[in-house]
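**Q** First the structure, then my questions, so here it is.
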Amino acid sequence: MELRRLNVLFALLSILFAWHILSILISKPILPPPLRVLEVFVRSFPSELGRHAAASLKRVALSILLAICSAAPLGILLGQIGSLNRLLSPFVYVLYPVPKVVFVPIVILFFGIGDFAKILMIFIILFFQILVLARDSALSLRPELILSVKSLGAKKRHLFVYVFLPATLPAIFTGIRQSIGTAIAVLYVAELFATRYGLGYFIYLTGTTLFDYPLMYAGILAMGLLGFGLYFLTDFLEARVCPWRFSQHG
Amino acid sequence: MIEVDAISFSYARGPSLFEDFSLHLERGESMAIIGPSGCGKTTFLYLLAGLVRPTRGEIRIDGKRIEGPRERTALILQEFGLLPWRTVRQNVELGLRIRGVRGDSACALWLRRLGIEEVAESYPQQISGGQRQRTAIARALVLRPDLLLMDEPFSSLDAPTRESLQDLTVELQREEGLTVILVTHTIEEAAFIGRRILLLLRPPHRKPIMIENPKIPEGRSDEGLLEVCRKLRGLMEVPWSLDV
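Sequence lines, in order, name chains A and B.
Sequential numbering from 1 applies to the first sequence in this note's numbering.
Sequential numbering from 251 applies to the second sequence in this note's numbering.
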């Protein structure tokens, strides 16, 4: 784990170094050096930038939470109850491959341009990702594992709690991890529409209207940190919730 | 104790495994089931465990018809059936939790009795095959069963571990007065553990071929044990076309 942290730190420093060299080579206002961006970031975060970041964090966090609470149990139930899976899987099969970003205009038409529409959009993307991974993980459980617990007298609810839920937790975390990038990309797109707060709006405003490039990069940095933070939080929670995944083999 | 009364069974779209098959077993007996792969040994165990139901006929234990898993029947499967996300201790107490019983002392007792106390906080993937099997046995015995069903429980273990667990099974069966039914591929194991040995050859099975083996062997070179092994080997070499 220590080595992994060092590797991450090394990668981060390498990216910052490459950025710095590139900014010297290009030497134009559209690519300020990282230290200048960092300085603007630190200065503007407690006031303006922080407010935008908080709005974005609220939207993406709520979407993730809603998606986990709805898609994970439904995915497990689909994996556990064959008849339910046979009934709903064709719908999942049809809807899963459709790129959900195309629904942005539809969601806006139906639900307006407020927070709800933005949260709903990200939710839709995460929902299918988590649903499919949780269902497939529940379906791939070895039958003898289920039989052995059944033989202890387990009813359906026991199987859900003691077998299906813990067995699918790693897949749920994988689903979240895989969706964070897409979720933030959609957040950016969603925040371009008639809003006053949000990193998407902030980046667009500072870059194309105010032409304040260091501030725009500070916004991009905040969005990157948002993604990285969520990714890191997912790893952290997985290590706490699924300790057996990180236990050393005998 | 166990009455298998004229049962028939086949899986959906599968061949018939049992047809009008009957068997009787007394309390405290140990029976080994041996036969080639696909002959229906494990299915017979699942029928006794109430995990699958006969298409015709019925199985009664202590006079009660089996219609689902029974509280005092414990099942140990080939790959031990331990949950990888639960520690050894949590696996052992799983059955108690499911039944809503607090059994810390019973759990501690069996962890100690089976010599797995030291690995109680480890996950199954962190311990040896022998320790995993001991965990599966502890998980079964903590529920105070009167019938223990074992499906090739020692097949993936090395020879010394296998022998020590076979000894433990015989010892526990005698101490606890358990009725033990063990499915195995190994002739020596069947002769060592089973005081009765059910031979399943080519399905569908109609009449049981039962070899009586009443004498408890004194060791693995016991002449009586070797004689039963020879007899079993001879019977298993009979061509599959044998109509029984």
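Note that the Cβ used here is the ideal one computed from N, Cα and C, for glycine as well.
Being a predicted model, the structure only gives us computed values, none of them experimental.
Would you say residue 319 of chain B lies against chain A (beta-carbon separation less than 7 Å)?
**A** For the purposes of this step, residue 319 of chain B is taken as the residue at position 69 of the second sequence. True, the Cβ-Cβ gap to chain A drops below 7 Å.
**Q** Under 7 Å Cβ-Cβ, which residues of chain B neighbour residue 19 of chain A?
**A** In the first sequence, residue 19 of chain A corresponds to position 19, counting from 1. Correct list: empty, because the minimum Cβ distance to chain B is about 42 Å.
**Q** Just how far apart, CA to CA, sit residue 5 of chain A and residue 234 of chain A?
**A** Residue numbering aside, residue 5 of chain A sits at position 5 when the first sequence is read from its first letter. Residue numbering aside, residue 234 of chain A sits at position 234 when the first sequence is read from its first letter. Near 15 Å, if we compare the C-alpha coordinates of residue 234 of chain A and residue 5 of chain A.
**Q** Counting along the chain, where does the alpha helix (DSSP H) carrying residue 324 of chain B start and finish?
**A** Locating residue 324 of chain B in the second sequence gives position 74, where the first residue counts as 1. Per DSSP, residue 324 of chain B belongs to no alpha helix (DSSP H); it is in the beta strand (DSSP E), 323 to 326.
**Q** Taking its Cβ as the centre, do 16 or more other Cβ atoms sit within 10 Å of residue 477 of chain B, making it buried, or is it exposed?
**A** Position 227 of the second sequence holds residue 477 of chain B. Flag for residue 477 of chain B reads exposed.
**Q** Just checking my contact of residue 351 of chain B with residue 389 of chain B at CB under 8 Å: how many whole Å lie between their CB atoms?
**A** On the second sequence, residue 351 of chain B is found 101 positions in, with the first residue counted as 1. On the second sequence, residue 389 of chain B is found 139 positions in, with the first residue counted as 1. With a Cβ gap of about 13 Å, residue 351 of chain B and residue 389 of chain B do not count as contacting.
**Q** Is any beta-carbon of chain B found at less than 7 Å from that of residue 239 of chain A?
**A** Mapped onto the first sequence, residue 239 of chain A falls at position 239. False, the Cβ-Cβ gap to chain B never drops below 7 Å.
**Q** What does residue 52 of chain A touch in chain B if you count any residue whose Cβ is under 7 Å from its own?
**A** Translated into positions along the first sequence, residue 52 of chain A becomes position 52. Those within 7 Å of residue 52 of chain A in chain B number zero; the least Cβ separation is about 40 Å.
**Q** Please tell me whether residue 412 of chain B has its Cβ less than 7 Å away from any Cβ of chain A.
**A** Along the second sequence, read from residue 1 onward, the residue named residue 412 of chain B stands at position 162. Chain A contact via Cβ: absent.
**Q** Taking residue 151 of chain A and residue 319 of chain B to be in contact with their CB atoms under 8 Å, please state how far apart those CB atoms are, rounded to whole angstroms.
**A** Looking up residue 151 of chain A in the first sequence gives position 151. Looking up residue 319 of chain B in the second sequence gives position 69. With a Cβ gap of about 5 Å, residue 151 of chain A and residue 319 of chain B count as contacting.
**Q** Do residue 175 of chain A and residue 133 of chain A have their beta-carbon atoms positioned less than 7 Å apart in this structure?
**A** In the first sequence, the residue the question calls residue 133 of chain A occupies position 133. In the first sequence, the residue the question calls residue 175 of chain A occupies position 175. Yes.
**Q** So the candidates are B/269, B/334, B/387; which of them puts its Cα closest to the Cα of residue 362 of chain B?
**A** Numbered from its first residue, the second sequence carries residue 362 of chain B at position 112. Among B/269, B/334, B/387, the Cα nearest to that of residue 362 of chain B is on B/387.
**Q** List the residues of chain B whose Cβ lies closer than 7 Å to the Cβ of residue 150 of chain A, in chain order.
**A** Counting from 1 along the first sequence, the entry for residue 150 of chain A is found at position 150. Ordered by position in chain B, the residues that pass the 7 Å Cβ test against residue 150 of chain A are 301, 319.
**Q** With 7 Å as the threshold, decide whether the Cβ of residue 466 of chain B is near any Cβ in chain A.
**A** In the second sequence, the residue the question calls residue 466 of chain B occupies position 216. It does not; no Cβ of chain A falls within 7 Å.
**Q** Buried or exposed, going by whether 16 or more other CB atoms sit within 10 Å of the CB of residue 463 of chain B?
**A** The count along the second sequence starts at 1 and reaches residue 463 of chain B at position 213. Buried, because 16 or more other Cβ atoms sit within 10 Å of the Cβ of residue 463 of chain B.
**Q** Which of the three DSSP states is assigned to residue 98 of chain A in this structure?
**A** The residue labelled residue 98 of chain A in the question sits at position 98 within the first sequence. Coil, per DSSP.
**Q** Would you kindly work out how many angstroms separate the C-alpha atoms of residue 453 of chain B and residue 480 of chain B, rounded to a whole number?
**A** Against the second sequence, residue 453 of chain B aligns to sequence position 203. Against the second sequence, residue 480 of chain B aligns to sequence position 230. Cα to Cα, residue 453 of chain B sits roughly 23 Å from residue 480 of chain B.
**Q** Helix, strand or coil for residue 16 of chain A per DSSP?
**A** Here residue 16 of chain A refers to the residue found at position 16 of the first sequence. Correct three-state label for residue 16 of chain A: helix.
**Q** Out of B/328, B/336, B/459, which has the shortest C-alpha to C-alpha gap to residue 144 of chain A?
**A** Here residue 144 of chain A refers to the residue found at position 144 of the first sequence. Closest by alpha carbon: B/328.
**Q** From residue 61 of chain A to residue 107 of chain A, what does the alpha carbon distance come to, in whole angstroms?
**A** Within the first sequence, residue 61 of chain A is the residue found at index 61, counting from 1. Within the first sequence, residue 107 of chain A is the residue found at index 107, counting from 1. Straight-line Cα distance between these residues: approximately 19 Å.
**Q** Around the Cβ of residue 494 of chain B, are there at least 16 other Cβ atoms within 10 angstroms (buried) or fewer (exposed)?
**A** The residue labelled residue 494 of chain B in the question sits at position 244 within the second sequence. In this prediction, residue 494 of chain B has a pLDDT of 37, which is less than 50 and means its spatial position is unreliable; what the coordinates show is noted afterwards. So residue 494 of chain B counts as exposed.
**Q** Note down the Cα distance separating residue 155 of chain A from residue 14 of chain A, rounded to an integer number of angstroms.
**A** Residue 155 of chain A sits at position 155 when you count from the first residue of the first sequence. Residue 14 of chain A sits at position 14 when you count from the first residue of the first sequence. Approximately 54 Å, taken between the alpha carbons.
**Q** Taking buried to mean at least 16 other C-beta atoms within 10 Å of its own C-beta, is residue 490 of chain B buried or exposed?
**A** Taking the second sequence and counting its residues from 1, one reaches residue 490 of chain B at position 240. With a pLDDT of only 47 at residue 490 of chain B, under the threshold of 50, the placement of this residue in the model should not be trusted, and no figure is reported.
**Q** Using a Cβ-Cβ cut-off of 7 Å, state whether residue 154 of chain A counts as contacting chain B.
**A** By 1-based counting over the first sequence, the position of residue 154 of chain A is 154. So, interface residue.
**Q** Quick one: what's got a C-beta closer than 6 Å to residue 458 of chain B's C-beta in the same chain, skipping five residues either side?
**A** Numbered from its first residue, the second sequence carries residue 458 of chain B at position 208. Here the set comprises 273, 448.
**Q** Could you check if residue 492 of chain B is buried or exposed, using at least 16 other CB atoms within 10 Å of its CB as the buried criterion?
**A** The residue you call residue 492 of chain B lines up with position 242 of the second sequence. Because the pLDDT of residue 492 of chain B is 42, which lies under 50, any placement of that residue in the model is unreliable, and the question is left without a value.
**Q** For residue 282 of chain B, list the residues DSSP reports as bridge partners.
**A** The residue labelled residue 282 of chain B in the question sits at position 32 within the second sequence. DSSP lists B/432, B/447 as partners of residue 282 of chain B.
**Q** Provide the residue(s) that pair with residue 254 of chain B in DSSP beta bridges, ordered along the chain.
**A** Position 4 of the second sequence, counting from 1, holds the residue named residue 254 of chain B. In DSSP, residue 254 of chain B forms a bridge with B/273, B/309.
**Q** Would residue 295 of chain B and residue 399 of chain B qualify as a contact pair, given that the criterion is a beta-carbon distance under 7 Å?
**A** Looking up residue 295 of chain B in the second sequence gives position 45. Looking up residue 399 of chain B in the second sequence gives position 149. Contact flag set, yes.
**Q** Within the 7 Å Cβ cut-off, does residue 247 of chain A reach chain B?
**A** Position 247 of the first sequence, counted from the first residue, corresponds to residue 247 of chain A. Chain B, which has a Cβ nearer than 7 Å to the Cβ of residue 247 of chain A, makes this yes.
**Q** Have a look at residue 89 of chain A and residue 281 of chain B and give me their C-alpha separation to the nearest angstrom.
**A** For the purposes of this step, residue 89 of chain A is identified with residue 89 of the first sequence, where counting begins at 1. For the purposes of this step, residue 281 of chain B is identified with residue 31 of the second sequence, where counting begins at 1. Whole-angstrom Cα-Cα distance: 45 Å.
**Q** Thinking C-alpha only, which one of B/293, B/283, B/402, B/370 is nearest residue 259 of chain B?
**A** On the second sequence, position 9 is the one that residue 259 of chain B refers to. Checked all of B/293, B/283, B/402, B/370; the closest Cα to residue 259 of chain B is B/293.
**Q** When you compare each of B/254, B/321, B/468 to residue 269 of chain B by their alpha carbons, which one comes out closest?
**A** As a working mapping, residue 269 of chain B is identified with position 19 in the second sequence. For the residues B/254, B/321, B/468, the minimum Cα distance to residue 269 of chain B belongs to B/254.
**Q** Taking its Cβ as the centre, do 16 or more other Cβ atoms sit within 10 Å of residue 21 of chain A, making it buried, or is it exposed?
**A** Your numbering for residue 21 of chain A matches position 21 in the first sequence. Burial call: exposed.
**Q** Listing by chain order, which chain A residues have their CB less than 7 Å from the CB of residue 368 of chain B?
**A** Locating residue 368 of chain B in the second sequence gives position 118, counting from the first residue. Chain A residues near residue 368 of chain B: none, gap ~12 Å exceeds 7 Å.
**Q** Hey, is residue 334 of chain B's beta-carbon within less than 7 Å of any beta-carbon in chain A?
**A** Looking up residue 334 of chain B in the second sequence gives position 84. It does: the Cβ of residue 334 of chain B has a partner Cβ on chain A nearer than 7 Å.
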